[in-house]
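**Student:** Starting off with a structure, shown below.
Protein chains in written order, with our numbering: chain C, 41 to 605; chain B, 1030 to 1074.
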């Protein structure tokens, strides 16, 4: 990497981190540390919410997803604006009125301590593991493509985050996230410009969009009603709504962001801002992936984007070389066919290109399959490496540093939000609840800081050992979707079913969790096909139904006892 | 006991028409879906 890229990368990161720490250096009480003394405006809240959600992997894997499967992934976010409205109208006023630090604190006031501890524990379990993966996932990609030391990359990201999160608390997290998000958006828009610039002079932007359409990459909306298809309009509006509702309404890493608002109004506008901007932002990132795909029609992409880890025998290498030779010939023929397209191409003109693209995809799949059979550690999903490969090979010096700063900023902003929330939940829902019930602001502040360091060290530790477990990333992602439905169900009971009390909610939560785990096992064993987005609907549905049933039973039993006496 | 959110009164110092904001956001979502549907159909292979 050029020295200019290093300079851009480190200057960008250091400036933001030092700015965040300096601006929040006078933090000296627990409320300031965990809620930023309610001083954030709507813009900071909105950007901070977006930055917490968008991890580095969002910017690495989303363009890769569009490259391979088109833009349908955008539908995943269609339920998000509706969730913002529900949270703004029903969740937020209660959190504000009760002046809670964590979302789970509210559950004790509404139900009892068991329900609070149960949901807080589910949060700590899933988010604690996820924080490690937020650091590990980009580190493994950066270390593979740039030859960096994996452990050092993990420690560097984690170390930076611990530094400013511990020193400035929630306010430092929000302030740095605001600037990190601006760097991220600026970097991605600049990248989009340079991707289109990489097309040949005779090939206009509109030609690129038409070609992408003919190769099936511009299909944003899928109207099919199947529930096992991951990304459709229906699953986005229903499953996406429930997922967004649980994530933004009940996950402390998000709740903490908007609880730091200077007023209810500022927090609400911040949520509206997220609802308005999130889908276009995802569309832009996906569209960059589609344009990278078009650029790779002229600049030959590697047959696979990641590397194998073992030395191959000459026979194995020869088998791969044979596929690669066919791939090269096919690529060149396709490139010429695209360059020679008429000014106004028809479906008939596109037909041979479509056929050659299908052949290219088949060769790529065969190559990966062979590699996986030669090297059992080879990860045959290489989509996460596509965008960074393009950045490193085709973007000018200086911009590579900026794009790496985008990836680091995204990793740091979401990790910071997670550490801040993990520390708050442990401090408020466990330490202050079970260990030190009396108020001692200085002691509590120090405990909050110490817990932030502890969770940060834990996240780095998980990142360092993540490589030892093949499916850890997948496991962590699944863990998140397994728990969200249950947590949301409990919160929906709290907000909308006033007659349901603590015992019923607690039993409902446990039954809901068992049902979701059972359904997940059936999916894993191939007994049923179901999109994981549906876990949220099923989980919260079971919690609601069981809790209402139990409450009705308790109610009728009490009535009977009253009559008997 | 927690007050039902549906019964909660709008804060007196906030005259903002939130229903207007919510309808605006729903309209923006609907408009985006229509635009994306048009793009999908326009560029169908």
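The beta-carbon is built from N, C-alpha and C at its ideal position, and this holds for glycine as well.
So, is residue 83 of chain C buried or exposed, given that buried needs 16 or more other C-beta atoms within 10 angstroms?
**Tutor:** Exposed, since its Cβ has fewer than 16 Cβ neighbours within 10 Å.
**Student:** Determine the burial state of residue 419 of chain C: buried for a count of at least 16 other Cβ atoms within 10 Å of its Cβ, exposed for fewer.
**Tutor:** Buried, because 16 or more other Cβ atoms sit within 10 Å of the Cβ of residue 419 of chain C.
**Student:** If the criterion is Cβ atoms closer than 8 Å, does the pair residue 61 of chain C and residue 220 of chain C meet it?
**Tutor:** In this structure, residue 220 of chain C does not lie closer than 8 Å to residue 61 of chain C by Cβ.
**Student:** Quick check on the burial criterion: 16 or more other C-beta atoms within 10 angstroms. Buried or exposed for residue 372 of chain C?
**Tutor:** Looking at its Cβ environment, which holds fewer than 16 other Cβ atoms inside 10 Å, residue 372 of chain C is exposed.
**Student:** Count the other CB atoms within 10 Å of the CB of residue 558 of chain C; is the residue buried (16 or more) or exposed (fewer)?
**Tutor:** The residue is exposed, with fewer than 16 neighbouring Cβ atoms inside 10 Å.
**Student:** For residue 477 of chain C, is the classification buried or exposed, using 16 other Cβ atoms within 10 angstroms of its Cβ as the cut-off for buried?
**Tutor:** Exposed, because fewer than 16 other Cβ atoms sit within 10 Å of the Cβ of residue 477 of chain C.
**Student:** Between the segment 241-266 of chain C and chain B, which residues of the former have CB atoms less than 9 Å from a CB of the latter, in chain order?
**Tutor:** Those would be 249, 250, 252, 253, 254, 255, 256, 257, 258, 259, 260, 261, 262 and 263, in chain order.
**Student:** Can you name the start and end residues of the alpha helix (DSSP H) that residue 65 of chain C belongs to?
**Tutor:** No alpha helix (DSSP H) holds residue 65 of chain C; DSSP gives it neither H nor E.
**Student:** Can you pull the chain C residues whose beta carbon is under 7 Å from the beta carbon of residue 1066 of chain B, in chain order?
**Tutor:** Those within 7 Å of residue 1066 of chain B in chain C are 261.
**Student:** For residue 118 of chain C, return the contacting residues in chain B, with the cut-off set at a CB-CB distance below 8 Å.
**Tutor:** Under the 8 Å cutoff, chain B gives 1058 and 1062.
**Student:** Could you say which of C:563, C:538 and C:527 lies nearest to residue 548 of chain C if we only look at CA atoms?
**Tutor:** Of the candidates C:563, C:538 and C:527, the one whose C-alpha sits nearest the C-alpha of residue 548 of chain C is C:527.
**Student:** List, from N- to C-terminal side, the alpha helix (DSSP H) runs of 4 residues or more that fit wholly inside the segment 84-157 of chain C.
**Tutor:** Whole alpha helix (DSSP H) segments, 4+ residues: 96-109, 120-126, 132-138 and 143-150.
**Student:** So what does DSSP say about residue 566 of chain C, is it helix, strand or coil?
**Tutor:** Coil.
**Student:** Could you check what DSSP says for residue 301 of chain C in three-state terms: helix, strand or coil?
**Tutor:** Reduced to three states, the DSSP call for residue 301 of chain C is strand.
**Student:** Cβ of residue 154 of chain C less than 8 Å from any chain B Cβ?
**Tutor:** False, the Cβ-Cβ gap to chain B never drops below 8 Å.
**Student:** Taking the straight line between their C-alpha atoms, what separation do you get for residue 1039 of chain B and residue 1053 of chain B?
**Tutor:** Its pLDDT being 49, under 50, residue 1039 of chain B is placed unreliably in this model, and the value from its coordinates should be taken loosely. Roughly 19 Å between the two C-alpha positions.
**Student:** On a CA-only basis, which of C:564, C:451 and C:443 is nearest residue 48 of chain C? Give me that one, please.
**Tutor:** Comparing Cα positions, the closest option is C:443.
**Student:** Below 8 Å, how does it come out for the segment 317-337 of chain C and the segment 197-205 of chain C: are there three or more Cβ pairs, yes or no?
**Tutor:** No, they do not touch.
**Student:** For the segment 460-477 of chain C against the segment 156-170 of chain C, do three or more pairs of beta-carbon atoms, one drawn from each stretch, fall closer than 8 Å, so that the two count as touching?
**Tutor:** Counting Cβ pairs under 8 Å, three or more are found: they touch.
**Student:** Any beta carbon of chain B sitting closer than 8 Å to that of residue 121 of chain C?
**Tutor:** Chain B, which has a Cβ nearer than 8 Å to the Cβ of residue 121 of chain C, makes this yes.
**Student:** Can you look up residue 80 of chain C in the DSSP assignment and give me helix, strand or coil?
**Tutor:** The answer is strand: DSSP assigns residue 80 of chain C an E or B state.
**Student:** Buried or exposed for residue 421 of chain C, please, with buried defined as at least 16 other CB atoms from any protein chain shown within 10 angstroms of its CB.
**Tutor:** Flag for residue 421 of chain C reads exposed.
**Student:** Which residue marks the beginning of the alpha helix (DSSP H) containing residue 468 of chain C, and which one marks its end?
**Tutor:** Residue 468 of chain C -> no alpha helix (DSSP H), and no H or E assigned at all.
**Student:** Note down the Cα distance separating residue 524 of chain C from residue 532 of chain C, rounded to an integer number of angstroms.
**Tutor:** Cα to Cα, residue 524 of chain C sits roughly 12 Å from residue 532 of chain C.
**Student:** What do you reckon, are the CB atoms on residue 107 of chain C and residue 319 of chain C nearer than 8 Å?
**Tutor:** Not in contact: residue 107 of chain C and residue 319 of chain C (Cβ atoms no closer than 8 Å).
**Student:** Does the beta carbon of residue 312 of chain C sit closer than 8 Å to a beta carbon anywhere in chain B?
**Tutor:** Chain B contact via Cβ: present.
**Student:** For residue 305 of chain C and chain B, any beta-carbon pair shorter than 8 Å?
**Tutor:** Closer than 8 Å: yes.
**Student:** With respect to the alpha helix (DSSP H) encompassing residue 233 of chain C, which residues constitute its N-terminal and C-terminal limits?
**Tutor:** Residue 233 of chain C -> alpha helix (DSSP H) spans 190-237.
**Student:** At a cut of 8 Å, does the segment 160-171 of chain C reach the segment 483-501 of chain C through at least three beta carbon pairs?
**Tutor:** Enough Cβ pairs lie closer than 8 Å, so yes.
**Student:** Ignore the nearest five residues each way along the sequence and tell me which others in residue 207 of chain C's own chain have a CB closer than 6 Å to its CB.
**Tutor:** Within the same chain, residue 207 of chain C has close Cβ partners 61.
**Student:** Going by the beta-carbon positions, is the gap between residue 552 of chain C and residue 529 of chain C smaller than 8 Å?
**Tutor:** Yes, the Cβ-Cβ distance between residue 552 of chain C and residue 529 of chain C is below 8 Å.
**Student:** Go through the segment 372-427 of chain C residue by residue and report every complete run of the alpha helix (DSSP H) that reaches 4 residues or more, in order.
**Tutor:** As far as the segment 372-427 of chain C is concerned, its whole alpha helix (DSSP H) runs of at least 4 residues are 387-414.
**Student:** Of all the CB atoms in chain B, is at least one closer than 8 Å to the CB of residue 129 of chain C?
**Tutor:** Answer yes: the Cβ-Cβ gap between residue 129 of chain C and chain B drops below 8 Å somewhere.
**Student:** So with Cβ pairs under 8 Å, would you call residue 316 of chain C a contact of chain B?
**Tutor:** For residue 316 of chain C, the answer is yes, since a Cβ of chain B falls inside 8 Å of its Cβ.
**Student:** Should residue 573 of chain C and residue 335 of chain C be called a contact, given that it needs their Cβ atoms to be closer than 8 Å?
**Tutor:** In this structure, residue 335 of chain C does not lie closer than 8 Å to residue 573 of chain C by Cβ.
**Student:** Measuring only between beta-carbons, confirm whether residue 1047 of chain B sits less than 8 Å from chain C.
**Tutor:** For residue 1047 of chain B, the answer is yes, since a Cβ of chain C falls inside 8 Å of its Cβ.
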